[in-house]
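Sequential numbering from 244 applies to the sequence shown in the numbering used here.
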Amino acid sequence: KEGVFIPLVVMAELSWVLRGAKWDRDRVLKTLDSVLQTRGVTPEVPQLVRMAVEVTKKCGRGGFADHLIAQVGFANACREAITFDALFGGVEKVRRLP
């Protein structure tokens with residue numbers, strides 16, 4: 244098969260790099276969404292990437308990588324995600340450790 248495969252960890256890293264380059268949240272999410280629609284580009288578990296993009300857009304709390312990690316857990320039968328991030332800790336099904 245021709246094209247490019249993008250592991251989940253690379254999708255998370257891409258979001259961190261773009262945020263580090265001072266891209267706003269909306270622009271990062273639009274870019275990640277466009278990666279999903281690019282012919283010849285196959286993200287690992289694209290439905291999890293899409294779900295993480297959508298939840299990040301709707302939620303307004305936590306970054307894409309946080310939501311991607313949570314979605315991977317939920318897809319593997321985890322009932323909640325655990326974080327040290329105070330902002331992300333307020334998201335449904337996410338518990339913040341003190």
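Glycine residues also receive a C-beta, built at the ideal position from the N, C-alpha and C atoms.
Every value quoted in this text rests on a predicted model; they were computed, and no experiment measured them.
In terms of Cα proximity to Q314, the closest of R262, W266, A255 is A255. Here R339 is bridged, per DSSP, to T326. Taking a 10 Å sphere around the C-beta of L275, we find 16 or more other C-beta atoms and assign the residue as buried. In the three-state reduction of the DSSP assignment, V334 falls in the coil class. For R282, the closest of L291, I312, G246, L272 by C-alpha to C-alpha distance is G246. Between the region 327 to 339 and the region 298 to 308, the count of Cβ pairs shorter than 8 Å is three or higher; the stretches touch. Contact annotation: A295 and L311 have beta-carbon atoms nearer than 8 Å.
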